[in-house]
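Colleague: I am attaching a structure below and will ask some questions about it afterwards.
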Amino acid sequence: MPLPLPTLDRLTYDELVSEARSSLPALAPGWTDYNAHDPGITLLELLAWLVEGASYRLDNIPDESIRAFLRLTGVVPRAAQVAETLLVVRPRAAALSLPSGVRVQAQDGSVQFQTSAELFVSDANLAAVVSGAANDYQDVTLKNKPGAAVYLPFGVIPQLGDALYLGFDRALAAADSVVSVGVWTGHEAEDLATRTQLEAEQSRVDEAQRLCAGLPTDQVNWPQHYAARTAWEYYASSKQWQPLKNVVDHTRALTLSGTVRFTAPGDQARGGVPLFAQSGNYFIRCRLARGAYDCPPRIAYVALNVVTARHAVDQPPQLFRSSGRAGQTFELAQKPIAPGSTGITVVSNGVADGAWHAALAWDGVGPHDRIYLTTPDTAVVTFGDGRIGRVPPAEAEIKVTYQVGGGTRGNVAAGSLIQTTNTQPVTVQQPFAACGGSAAETLNQAKARAVREFVTPTRAVTLDDFETLARATPGVPIARAHAIPDYHPALPCIPVSGSTSVVVLPPCPEQRPEPTAALRASVQRYLERRRLLTSEVHVIAPHYTTVAIHARLRARADVDLRALGRRARAALEQFFHPLHGGPDGNGWPIGRAVYRSEVLALLNDLDGVSHVEEMTWHVDGLAASRCGNITLCRHGLVASGIHEITINEGSVCHE
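For the sequence shown, my numbering gives the first residue as 1024, with consecutive numbering after it.
Set out below in structure tokens:
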């Protein structure tokens, strides 16, 4: 709980004068004239006036000072953010090319978006979607639509060679045309946040390598999956699968919503998938070529002719004339201004000066800095006064370019954007909601964020820091992380000072999850950049010990014995579950022993059980002692074996 701030502005002018007069008899006994004409009283009143003003200022910290304090903590109030979405474009007749900057709007015109890239609009139709292994195809065409259940493009357990096949009713395009395919996972907001985190981490790594040329090259490239590598191919006229050229995959091996762009092949042929041998479709595929997934990718929708659109629309440039006066302002025709979209060129005596930059506040601006202030909500541009910010020369021409948009208004629902404003012969579909738009951060919100970031670890010092940072590794599925102090995986029986081992678990598979080597390496790289210089960190997998319970229960009267046996096995499996088990239900504690008394209490507390007559267990397939507990290693977990429950003397229920 934060400490309450004292109120400094407590006394008014009259109270200060009255308090000063009341102290005169004790402080100055010879002073007897307290009337207003006395010069001493005049001085007291002057001091009271000064104290009242000073206390008011002390109790009202200006915003400039608050922003300066926030900058010391690395926090700057955020500008409004721009929403974005993926659009599917279909030609009304023949194929065509659309330039970047095509406007798309809602039916009532209240919200407009703008495409951010050129798009070749193919007239091919996606007729078939097939997933699975090369010899075990599964037709998921009916599932491939917005709002339907997600499907697994590579199956439940992806294997090398498994692929997602996309069949079209005709060849995609003429040779060398750039074709775009869109992929949605159904979690667009989470995918956008993950992409933002990955880009931020990529920026940190690039900056570190720029500043320290001697550092080893860190293999961080955010569009690439940390483990899996996919290959995009097409079925060629040679009756073989050939690689597509110039592939730019922003889906991170089908794990994030995004686009896949490639150059259309000139020798595409029909066939390639025996399941659709008679359909005459032209197929391309995304094949798992290398690596593996810890969690299989899930897809909600795939479509052709997909382009990103943002809630930031270009406006015609506006021209103004500088008066040469300090603090001059200019109001733009449209509002609100999209954050970071303004550009100003000042032309004086035929010389163009485009080195002017926008800011949201005058903090830290000097008299010669080419800085101008933007107020997005009112679309007002303000120049400096010569003391803070440079003044444009008199009679100089000021050219302003900008975009309109930003804020929460851009988070439109699916299907809102349906038509273009450029009279293009195309139709537009918005399969999923736009996301990412947010209002500008207020000063109070920035202060609250500073407090949150202050308690969020950025360096791995304590064990909690290691665990929190491991779970925060961007783009890597981590369900649990457990840090073990003074533990080296190569020397499990010897304490190693300064060595911390972090056990990580992915959220899948549900039973007995175990991280791949690539996942551990990704978390290791993330922690290495944040550990103390004198420490070392190791990211390891858990060691599973399989425990199978053999118990004989005495049931109460009128109890369904088979149902009781099923409940007993389910309770044991839940208790030993690595993700949802344990005494507190947050997963079996890593390294914690299995206590016989707890298992007996669990079985005895089942509804319908009178008491437990006998209980033994098998550990890793071997019979263990009838008494005692099961000790696990420090990075150990329990895996539930096949439990055998006997009820009422010989009624055996096997799993």
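We put the CB at the ideal spot given by N, CA and C, even for glycine.
Pick out whichever of Asn1467, Ile1670, Arg1590 and Thr1569 has its Cα sitting closest to the Cα of Ala1647.
Modeller: Closest by alpha carbon: Thr1569.
Colleague: Here's a check: name, in chain order, each residue in its chain whose Cβ is nearer than 6 Å to the Cβ of Thr1444, leaving out the five neighbours to either side.
Modeller: Excluding positions up to five away in sequence, the list reads Arg1126 and Gln1128.
Colleague: Just curious, the alpha helix (DSSP H) that Gln1468 is in, first and last residue?
Modeller: From DSSP, the alpha helix (DSSP H) with Gln1468 extends over Leu1466 to Val1478.
Colleague: Quick check: the stretch 1326-1346 against the stretch 1417-1428, are there 3 or more CB pairs under 8 Å?
Modeller: Yes: at least three Cβ pairs fall under 8 Å.
Colleague: Quick check on this structure: which residue in Asp1408, Pro1399, Val1403 and Val1374 has the alpha carbon closest to the alpha carbon of Pro1390?
Modeller: Selected option, being the one with the closest Cα: Asp1408.
Colleague: For Arg1619, which residues in the same chain have their Cβ closer than 6 Å to its Cβ, ignoring the five residues on either side in sequence?
Modeller: Cβ neighbours of Arg1619 beyond the five flanking positions: Asn1652.
Colleague: What's the C-alpha gap between Ala1564 and Ala1250?
Modeller: C-alpha separation (whole angstroms): 16 Å.
Colleague: Tell me the residue span of the beta strand (DSSP E) that contains Trp1207.
Modeller: Taken as a continuous stretch (DSSP letters only), the beta strand (DSSP E) holding Trp1207 covers Val1201 to Trp1207.
Colleague: Out of Gly1063, Leu1110 and Arg1548, which one is the CA nearest neighbour of Phe1455?
Modeller: Of Gly1063, Leu1110 and Arg1548, the residue nearest in Cα terms is Leu1110.
Colleague: Can you pull the DSSP bridge partners for Cys1309?
Modeller: DSSP output for Cys1309 lists Leu1187 and Trp1255 as bridge partner(s).
Colleague: Once you ignore the five residues that flank His1677 on each side, which residues in its own chain have a CB closer than 6 Å to its CB?
Modeller: Reliability of the predicted coordinates at His1677 is poor, the pLDDT of 41 falling under 50, and the value obtained from them is presented with this limitation in mind. So no residue of the chain qualifies.
Colleague: Using a Cβ-Cβ cut-off of 6 Å (strictly less than) and excluding sequence neighbours within five positions of Val1675, which residues of its own chain qualify?
Modeller: Its pLDDT being 44, under 50, Val1675 is placed unreliably in this model, and the value from its coordinates should be taken loosely. Answer for Val1675: Thr1669, listed in chain order.
Colleague: Do the stretch 1127-1142 and the stretch 1433-1440 make contact, defined as three or more Cβ pairs closer than 8 Å?
Modeller: Touching, yes.
Colleague: Classify Thr1465 as buried or exposed, calling it buried when 16 or more other Cβ atoms lie within 10 Å of its own Cβ.
Modeller: Thr1465 should be labelled exposed.
Colleague: Assuming Cys1458 contacts Ala1223 (C-beta within less than 8 Å), just tell me the rounded distance between them.
Modeller: So it is not a contact: roughly 18 Å between Cβ atoms.
Colleague: Going along the chain, which unbroken runs of the alpha helix (DSSP H) with 4 or more residues stay wholly within the stretch 1477-1531?
Modeller: For the stretch 1477-1531, whole alpha helix (DSSP H) runs of length 4 or above, ordered along the chain, are 1486-1494.
Colleague: So the candidates are Val1283, Phe1092 and Ser1302; which of them puts its Cα closest to the Cα of Ala1292?
Modeller: Comparing Cα-Cα distances from Ala1292 to each of Val1283, Phe1092 and Ser1302, the minimum goes to Ser1302.
Colleague: For Thr1030, report the span of its beta strand (DSSP E) as first-last.
Modeller: Counting along the chain, Thr1030 falls outside any beta strand (DSSP E), and DSSP gives it neither H nor E.
Colleague: Roughly how many angstroms separate the alpha carbons of His1634 and Asn1627, rounded to a whole number?
Modeller: Distance between the alpha carbons of His1634 and Asn1627: 5 Å.
Colleague: CB Ala1147 to CB Arg1193, shorter than 7 Å?
Modeller: The answer is yes: Cβ separation under 7 Å.
Colleague: Look at the Cβ atom of Asp1185, then the Cβ atom of Leu1311, and state whether they are nearer than 7 Å.
Modeller: Going by C-beta atoms, Asp1185 is nearer than 7 Å to Leu1311.
Colleague: Answer with buried or exposed for Trp1611, where buried requires no fewer than 16 other C-beta atoms within 10 angstroms of its C-beta.
Modeller: Its Cβ being crowded by 16 or more others within 10 Å, Trp1611 is buried.
Colleague: Assuming Thr1253 contacts Pro1497 (C-beta within less than 8 Å), just tell me the rounded distance between them.
Modeller: Not really, about 20 Å apart at Cβ, beyond 8 Å.
Colleague: Is Leu1629 helix, strand or coil when you go by DSSP?
Modeller: DSSP places Leu1629 in coil when its eight states are reduced to three.
Colleague: Quick check on the burial criterion: 16 or more other C-beta atoms within 10 angstroms. Buried or exposed for Gly1190?
Modeller: So Gly1190 counts as buried.
Colleague: Note down the Cα distance separating Phe1299 from Ala1335, rounded to an integer number of angstroms.
Modeller: Their backbone Cα atoms lie some 43 Å apart in a straight line.
Colleague: Along the chain, which unbroken stretches of the alpha helix (DSSP H) at least 4 residues long are found entirely within the stretch 1636-1662?
Modeller: Fully enclosed alpha helix (DSSP H) runs of 4 or longer: not present.
Colleague: Output needed for Gly1221: all residues of its chain with C-beta closer than 7 Å, excluding positions within five of it in sequence on either side, in chain order.
Modeller: The question names Gly, but residue 1221 in the sequence shown is Leu. Answer for Leu1221: Trp1245, Pro1497 and Gly1498, listed in chain order.
Colleague: Taking DSSP as the reference, what is the three-state secondary structure of Gly1294?
Modeller: DSSP places Gly1294 in strand when its eight states are reduced to three.
Colleague: Can you tell me the Cα-Cα spacing of Ala1332 and Gly1124, whole angstroms?
Modeller: Looking at the two C-alpha atoms, the distance is approximately 9 Å.
Colleague: If you measure between the beta carbons of Asp1317 and Leu1542, is that distance less than 7 Å?
Modeller: Taking 7 Å as the Cβ cut-off, Asp1317 and Leu1542 qualify as a contacting pair.
Colleague: For Gln1597, does the three-state DSSP call read helix, strand or coil?
Modeller: Gln1597 falls in the helix class under three-state DSSP.
Colleague: Counting C-beta neighbours from all protein chains within 10 Å, is the total for Ser1345 16 or more, i.e. buried, or is it exposed?
Modeller: It counts as buried.
Colleague: Can you find a C-beta in chain C that's less than 7 Å from the C-beta of Arg1033?
Modeller: This model lacks chain C altogether; it includes just one protein chain.
Colleague: For Glu1042 and Pro1085, what's the separation of their Cα atoms in angstroms?
Modeller: Those two C-alpha atoms are separated by around 29 Å.
Colleague: So for Phe1092, helix, strand or coil by DSSP?
Modeller: Helix.
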